[in-house]
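Quick note, the sequences are listed as chains A and B, same order. If you read the first sequence in UniProt numbering, its first letter stands for residue 1, the second for the next number, and so on. If you read the second sequence in UniProt numbering, its first letter stands for residue 1, the second for the next number, and so on. We treat Cβ as the ideally placed atom computed from N, Cα and C, and that holds for glycine.
2 protein chains.
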Amino acid sequence: MVTIKDVAKHAGVSVATVSRVLNETGYVHEDTRRMVEKAIEELNYTPNEVARSLYKRKSRLIGLLLPDITNPYFPQLARGVEDRMQESGFRLIFGNSDESEQKERHYIQTFVQNNVVGIISSTNFPGMDFYRRLKIPVVFLDRISSDRPAVYADGREGGRIAAQQIVERGSRRVAVLQGPAHIRPAQDRFQGAIEVLQDNGVSHEVIRTDSFALHEAEQKAKELFETVPDADGVIASNDMAAIAVLHEALRLGKKVPEDVQIIGFDDIPLSGLLFPPLSTIRQPAYDMGYKAAELMIQLIEEQTVELRNIQMPVEFIERGSTRAKPEQ
Amino acid sequence: MVTIKDVAKHAGVSVATVSRVLNETGYVHEDTRRMVEKAIEELNYTPNEVARSLYKRKSRLIGLLLPDITNPYFPQLARGVEDRMQESGFRLIFGNSDESEQKERHYIQTFVQNNVVGIISSTNFPGMDFYRRLKIPVVFLDRISSDRPAVYADGREGGRIAAQQIVERGSRRVAVLQGPAHIRPAQDRFQGAIEVLQDNGVSHEVIRTDSFALHEAEQKAKELFETVPDADGVIASNDMAAIAVLHEALRLGKKVPEDVQIIGFDDIPLSGLLFPPLSTIRQPAYDMGYKAAELMIQLIEEQTVELRNIQMPVEFIERGSTRAKPEQ
DNA sequence: ACCTTATGTGTAACCGGTTACTCATTTGAG
DNA sequence: CTCAAATGAGTAACCGGTTACACATAAGGT
């Protein structure tokens, strides 16, 4: 391995000078700089980030914790984070929490042991002690917390829009998938939807779900049509659930959207490729990740940030699983 | 930050002794051990991995490079890798290469700068100099290389099975999506399919694709039905492409599988939830990731590994986008 | 011409661990 | 009882960078 000493020797200067050239700090004579740069080039030297990190007590690494990248919504968040971090020269250490507190605790610990400069997390446990104790910046993503900055979508508004749309388009018996009770944005969506359904006096049934996992979605889709066989509208807690519901509806020989309208949440990339393509409430997942990264970088570089909670707008994406809006 | 010195002072011993307790090396008196453990407990000390990594010249980090986790196939690989690594206490540094050589080179560099002990990569450029030069273990995943160990699925066999199935089930005019030309497993699938189609004297058209990206898939699906409007069977290069083709077929009013049969490749989690659910050639993605991690751990721990190339079996998953097999 | 300030570079301490080496004490074989 | 081997623990060098400090020389103000 080529070290800074090798470069120093090769260029005939001290390690301090090489370090100054590398970091563009202090005074370095133009001629010296060139010699050092030549030596770096010739030896193909790249500084050891670990040594740097040890002295500085901070690395160029960011910890990213997601529930499960197997759910297509999260990779989009991740890409947003990664791409923004990349622009500023940060790398990601990555972990799936599987919604387990233990795993999460463990990941956070090793993030810290590796001197990460910040942690971006879609945790299910934003209030936990191990977050409170952290002395590095934390940004919650797709989650809400009173202690820490967060980036999330306007869930309540999303829920409202979904309900409005499905009611306007004629559903009168609506099943609502509730989504995990302990995840704020999911509950906001749910509340928003219920609000509007009640205001409009539309009959609705609630199907509770505990996680966003796929097999649970399949299960709940079956349960839905057993519990509410005459449902003519479904508001799903996310697109994965909506897809499961759509599948089950078609399997039961129902026509979508004629017999049942279905609205999802997220707008994952595949939604538009289903048949019928899924109408959904779009969360700007990539942008949310990107913004979270941006917020993190601000927190790292300055200590103070004015805007600590960023709520992103949601949007109704009209596709084929809802009917045409009747003329006013 | 609590350091080993603090622990040493608190326990009334030297740092060397604390280190011995931590690493279970050398001789430590039972009583001393207990005192040290008590001190560690009381101070809530966790060793700094960075310092450790600097001295040892190796960390507990593994670099993982994937083309794009936004494609649902890759998160499954990633989860397999992560879960196995987790078991042995390794963490992942993660990057998406976006099939760009430049990005890839850059990621590999920072992996090295961070003292990763190994790199697992689904690269598009397995032969590149920057891989050859690496002095740490490299395992290619879902890729094939003559220089390095690799874990991949039996693409040729997969292609054969796909073609056999679609022919047996009655397609006589088959469109084949070729998949990126520079990716071995994709080409193997393609070759396998073509072989069988030719052997059976079934007419086939080839649609070339350059990447696995989603928007390209949509595009190619349209192109397919323009070029081969009378196709009664489609062998897609992966499930994403198959989903796009399925969508396009239904959009054009074709009945699947009555008018057109479609076979995908990968078996991503959503395939079964389409309507009709997608028949596909299953690659055991999670297991492949898991195995790759296992292989990597062997390479790290011993220097020598007997089985350096692991080919995983593929399997036809019969679902609704293919017709029933006619009675013999 | 003289003193202050700016420029340029090297020496060595430091970051937080690990381990080679040293030394003291115990243990046990003959 | 003697001496080699085993046990137990501390000191300090080391990993590869960064930077405080020291020092020398050049530049600039009066």
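_Strictly below 7 Å CB to CB, what residues from chain B border Asn48 (chain A)?_
Numbered from 1 along the first sequence, position 48 holds the residue referred to as residue 48 (chain A). What Asn48 (chain A) touches in chain B: Gln113.
*Check the Cβ-Cβ distances between Arg79 (chain A) and every residue of chain B, and say whether any is below 8 Å.*
Within the first sequence, numbered from 1, the residue matching residue 79 (chain A) stands at position 79. Under the Cβ distance rule, Arg79 (chain A) counts among the residues neighbouring chain B, one pair being separated by less than 8 Å.
*So the beta strand (DSSP E) Gly233 (chain A) belongs to, where does it begin and stop?*
Taking the first sequence and counting its residues from 1, the one referred to as residue 233 (chain A) is at position 233. Where Gly233 (chain A) is concerned, the enclosing beta strand (DSSP E) stretches over 233-235.
_Can you look up Gly264 (chain B) in the DSSP assignment and give me helix, strand or coil?_
Here residue 264 (chain B) refers to the residue found at position 264 of the second sequence. Here Gly264 (chain B) sits in strand by DSSP.
*Shortest alpha-carbon distance to Asn23 (chain B) belongs to which of B:Arg52, B:Leu43, B:Met1?*
Along the second sequence, read from residue 1 onward, the residue named residue 23 (chain B) stands at position 23. Ranking B:Arg52, B:Leu43, B:Met1 by Cα distance to Asn23 (chain B) puts B:Arg52 first.
*Neighbour flag for Asn238 (chain B) against chain A, beta carbons, 8 Å*: Counting from 1 along the second sequence, the entry for residue 238 (chain B) is found at position 238. It does not: the Cβ of Asn238 (chain B) has no partner Cβ on chain A nearer than 8 Å.
_Between which two residues does the beta strand (DSSP E) holding Gly95 (chain B) run?_
As a working mapping, residue 95 (chain B) is identified with position 95 in the second sequence. Per DSSP, the unbroken beta strand (DSSP E) holding Gly95 (chain B) starts and ends at 91-96.
*Whole-angstrom distance between Asp142 (chain B) and Ser19 (chain B), CA atom to CA atom*: As a position in the second sequence, residue 19 (chain B) is number 19, starting the count at 1. As a position in the second sequence, residue 142 (chain B) is number 142, starting the count at 1. Straight across, the Cα-Cα distance linking Ser19 (chain B) with Asp142 (chain B) is about 40 Å.
*List the residues of chain A whose Cβ lies closer than 7 Å to the Cβ of Asn96 (chain B), in chain order.*
Taking the first residue of the second sequence as 1, we reach residue 96 (chain B) at position 96. Those within 7 Å of Asn96 (chain B) in chain A are Arg79, Glu82.
_Listed by chain order, chain A residues near Gln109 (chain B) by CB distance under 9 Å_ = Here the question's residue 109 (chain B) lines up with position 109 in the second sequence. Those within 9 Å of Gln109 (chain B) in chain A are Thr46.
*If contact means a Cβ-Cβ distance below 8 Å, which residues of the segment 131-160 of chain A contact chain B?*
Correct list: empty, as no residue qualifies.
*Are the segment 181-201 of chain A and the segment 243-258 of chain A touching by the rule of at least three beta carbon pairs closer than 8 Å?*
The segment 181-201 of chain A makes no contact with the segment 243-258 of chain A: fewer than 3 CB pairs, one atom from each, lie closer than 8 Å.
*Relative to the alpha-carbon of Leu270 (chain B), which residue among B:Glu218, B:Ser122, B:Arg319 has its alpha-carbon at the smallest distance?*
What you label residue 270 (chain B) is simply residue 270 of the second sequence in a count that begins at 1. Residue B:Arg319 is the option with its Cα nearest to Leu270 (chain B).
*asked:* To be precise: take each residue of the segment 274-300 of chain B, compare its Cβ to all Cβ atoms of chain A, and keep it if any distance is under 7 Å. Which residues remain?
replied: Those residues of the segment 274-300 of chain B that come within reach of chain A (Cβ to Cβ, closer than 7 Å) are Leu274, Phe275.
*Taking only beta carbons into account, state which residues of the segment 203-215 of chain A come closer than 8 Å to chain B, listed in chain order.*
The segment 203-215 of chain A vs chain B, Cβ under 8 Å: Leu214.
*Could you tell me whether the Cβ of Ile4 (chain B) comes closer than 8 Å to any Cβ of chain A?*
On the second sequence, position 4 is the one that residue 4 (chain B) refers to. Contact of Ile4 (chain B) with chain A is not assigned, every C-beta pair being separated by 8 Å or more.
*So the alpha helix (DSSP H) Ala221 (chain B) belongs to, where does it begin and stop?*
Sequence index remark: in the second sequence, residue 221 (chain B) carries index 221 (1-based). Unbroken alpha helix (DSSP H) run through Ala221 (chain B): 214-227.
*Cβ of Ser59 (chain B) within 8 Å of any chain A Cβ*: If you number the second sequence from 1, residue 59 (chain B) lands on position 59. So yes, Ser59 (chain B) belongs to the interface.
*Roughly how many angstroms separate the alpha carbons of Lys58 (chain A) and Ile120 (chain A), rounded to a whole number?*
Against the first sequence, residue 58 (chain A) aligns to sequence position 58. Against the first sequence, residue 120 (chain A) aligns to sequence position 120. Distance between the alpha carbons of Lys58 (chain A) and Ile120 (chain A): 16 Å.
_Considering only DSSP beta bridges, list what Glu205 (chain B) is partnered with._
By 1-based counting over the second sequence, the position of residue 205 (chain B) is 205. Beta-bridge partners assigned by DSSP to Glu205 (chain B): B:Ala175.
*Pull up the DSSP beta-bridge partners for Leu66 (chain B), would you.*
Translated into positions along the second sequence, residue 66 (chain B) becomes position 66. Bridge partners of Leu66 (chain B) according to DSSP: B:Asn96.
*In three-state DSSP terms, what is Leu61 (chain A)?*
For the purposes of this step, residue 61 (chain A) is taken as the residue at position 61 of the first sequence. Here Leu61 (chain A) sits in strand by DSSP.
*Go ahead and label Pro277 (chain B) buried or exposed: buried means 16 or more other beta carbons lie within 10 angstroms of its beta carbon, across all protein chains shown.*
The residue given as residue 277 (chain B) occupies position 277 in the second sequence. With a 10 Å radius around the Cβ and a threshold of 16 neighbouring Cβ atoms, Pro277 (chain B) comes out buried.
*Helix, strand or coil: which one does DSSP assign to Gly118 (chain B)?*
Position 118 of the second sequence, counting from 1, holds the residue named residue 118 (chain B). DSSP places Gly118 (chain B) in strand when its eight states are reduced to three.
*For Val138 (chain B), does the three-state DSSP call read helix, strand or coil?*
As a position in the second sequence, residue 138 (chain B) is number 138, starting the count at 1. Three-state DSSP puts Val138 (chain B) in a strand.
*For Gln113 (chain A), which residues of its own chain have a beta-carbon under 6 Å away from its beta-carbon, when the five flanking residues on both sides are left out?*
Residue numbering aside, residue 113 (chain A) sits at position 113 when the first sequence is read from its first letter. Cβ neighbours of Gln113 (chain A) beyond the five flanking positions: none.
_Own chain partners of Ile108 (chain A) with C-beta closer than 6 Å, once the 5 adjacent residues on each side are dropped_ = Along the first sequence, read from residue 1 onward, the residue named residue 108 (chain A) stands at position 108. Excluding positions up to five away in sequence, the list reads Phe130.
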